[in-house]
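When you line the sequence shown up against mature numbering (1 follows the signal peptide of the UniProt record, and there is no 0), it's residues -23 to -1, 1 to 305, in that order. Worksheet for the structure shown next.
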Amino acid sequence: MDFSLRNLALTAGCMLFAGQLLAASAEPKRPECIAPASPGGGFDLTCKLAQSALVNEKILTKPMRVTYMPGGVGAVAYNAVVAQRPADAGTLVAWSSGSLLNLAQGKFGRFDESAVRWLAAVGTSYGAIAVKSDSPYKTLDDLVQALKKDPSKVVIGSGGTVGSQDWMQTALIAKAAGINPRDLRYVALEGGGEIATALLGGHIQVGSTDISDSMPHIQAGDMRLLAVFSEQRLDEPEMKGIPTAKEQGYDIVWPVVRGFYLGPKVSDEEYAWWKNAFDKLLASEEFAKLRDQRELFPFALTGPELDTYVKKQVADYKTLAKEFGLIQ
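Next up, the structure:
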């Protein structure tokens, strides 16, 4: 009996050790997170959140690199990974709801939403309308009245061109106010970092952005938010004073989900390793603290559930794009 128990214990120990070896061998050798924009915006924030959390939870033994691949608000990175690095299991790419909106309009070229392996959604922010702290616009209605008077006099910075997520936020405001969105004056920028720089430098008067990009500048006293596109005021001490668009009479809600995808030819085993890693992260209290520090709110999906979510969102965005005449 004792001999059998020893054998059983030995077998179980060997299986555990083998499992540990398998997990260790599956760790990518040169992990990298691509932020498909310039430094300082939401994609950068998303990559650095994962960079910190994966090491803190001891899932990676060394921090993954964060690299930047701006262009087309995600299009350049999407095409590069699908066409040039499809089987590179060490390469994560950050995405957001804006990426899905661009995919819905065919802005990523010949590749659609089925071209990559959607890995994880790790949090959500909300769209927002930002101005400098000394702006004459004190409320969303102040801005709307100025746009009604002469939309060409208000320079709005947005991440991407007509049809982008940031464009859509102001287009929805314009539509609600009876203004033709095509009459708005836009400056197309690469992301939240560039929007903040242009706004604080006086090159634009209004930034269509999101709250997580904006909070460092708000806390520094350089920027104000006229509205956040959430259902209700956000329950964070530094955000409670920011009014929603809804409470100002504009029924607009725009969550900005953030996450990661992998190349289309990453093996099932390698994909499963990353999925398990993010499942562990998303269940961690330490990760929740890191997410909160980056002004993101809970939103957790991985694997097939995320894939289903992405496909539905893209379909919904196609409907919205058709309403604005952006696609046929």
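No residue lacks a Cβ here, since even glycine has one placed at the ideal position from N, Cα and C. Keep in mind the model is a prediction, meaning the values are calculated, not measured.
Below 8 Å CB to CB, which residues in the same chain sit around residue i once its five sequence neighbours on both sides are set aside?
i    : result
V164 : V132, I133, G134, S135, A175, H180 and I181
A3   : E246, E247 and W250
K295 : A81, Q82 and I304
Q225 : T116, L117, D118 and A204
G75  : V50, G51, G136, G137, S141, Q142, D143 and V233
M192 : E215, M216 and E272
G198 : S110
G170 : A14, S15, P16, G17, G18, D21 and D190
L211 : Y103, I188, V205, K217, I219 and F274
By Cβ distance below 7 Å, which residues in the same chain neighbour residue i in space, the five residues on each side in sequence not counted?
i    : result
K125 : A154 and I156
P128 : I156, D160, L161 and R162
A148 : P158 and F301
L22  : S189 and R271
S261 : E34
D293 : none
G86  : A52 and N56
I believe residue i touches residue j by the beta-carbon criterion, under 8 Å. Please report the beta-carbon distance rounded to the nearest angstrom.
i    : j    : result
T279 : F264 : Rounded, the Cβ-Cβ distance is 13 Å, inconsistent with contact.
P16  : A66  : Not confirmed; about 25 Å, so no contact.
D190 : A173 : 7 Å
Y227 : I150 : 6 Å
G240 : R94  : 7 Å
L283 : A30  : Contact doesn't hold; Cβ gap of about 17 Å is too wide.
A71  : C24  : 5 Å
Determine whether the beta carbon atoms of residue i and residue j lie at a separation below 9 Å.
i    : j    : result
K252 : L96  : yes
G302 : D187 : no
L77  : P8   : no
N79  : V99  : no
A92  : Y45  : no
F274 : G168 : no
A57  : S244 : no
Q146 : W231 : yes
A54  : L258 : no
I106 : A14  : no
I229 : L202 : no
E34  : V287 : no
G184 : V108 : yes
L166 : M200 : no
E208 : D269 : no
So, with DSSP's three-state summary, where would you put residue i?
i      : result
Q305   : coil
Y114   : coil
R162   : strand
T38    : coil
G169   : helix
I188   : helix
S2     : Note that S2 scores a pLDDT of 47, beneath 50, so its modelled location is shaky; the value from the coordinates is reported in the next line. S2: helix per DSSP, three-state reduction.
R210   : coil
F20    : helix
A14    : coil
A(-15) : Unreliable positioning characterises A(-15) in this predicted model, as indicated by a pLDDT of 42, which lies under 50. The coordinate reading is nonetheless provided below. In this structure, A(-15) counts as helix in the three-state DSSP scheme.
G280   : helix
A260   : coil
F75    : One point to set straight first is that residue 75 is Gly, not Phe, in the sequence displayed. G75 falls in the helix class under three-state DSSP.
G154   : Just to set this straight, residue 154 is Ala in the shown sequence, not Gly. Coil.
P193   : helix
A201   : First, the amino acid is wrong: residue 201 is Arg here, not Ala. In the structure shown, R201 sits in a strand (DSSP, three-state: E or B).
D177   : Correcting the residue identity first, residue 177 is Leu in this sequence and not Asp. Helix.
E272   : coil
V234   : strand
E215   : coil
V183   : strand
Using C-beta distances below 6 Å, list every residue in its chain close to residue i, excluding the 5 sequence neighbours before and after it, in chain order.
i    : result
F276 : A98, G100, T101 and V234
R42  : E9
V121 : A154
V32  : P40
I36  : A254
Q196 : none
Under a CB-based cut-off of 9 Å, is residue i close to chain C?
i    : result
I172 : Although the question refers to chain C, the structure presented lacks it and comprises just one protein chain.
**Prompt:** Unbroken beta strand (DSSP E) runs of length 3 or more, entirely within the segment 40 to 73: which are they?
**Reply:** 42 to 45 and 68 to 73
**Message:** Report the start-end ranges of each alpha helix (DSSP H) in the segment 83 to 152 that is 4 residues or longer and not cut off at the edges.
**Reply:** 117 to 126
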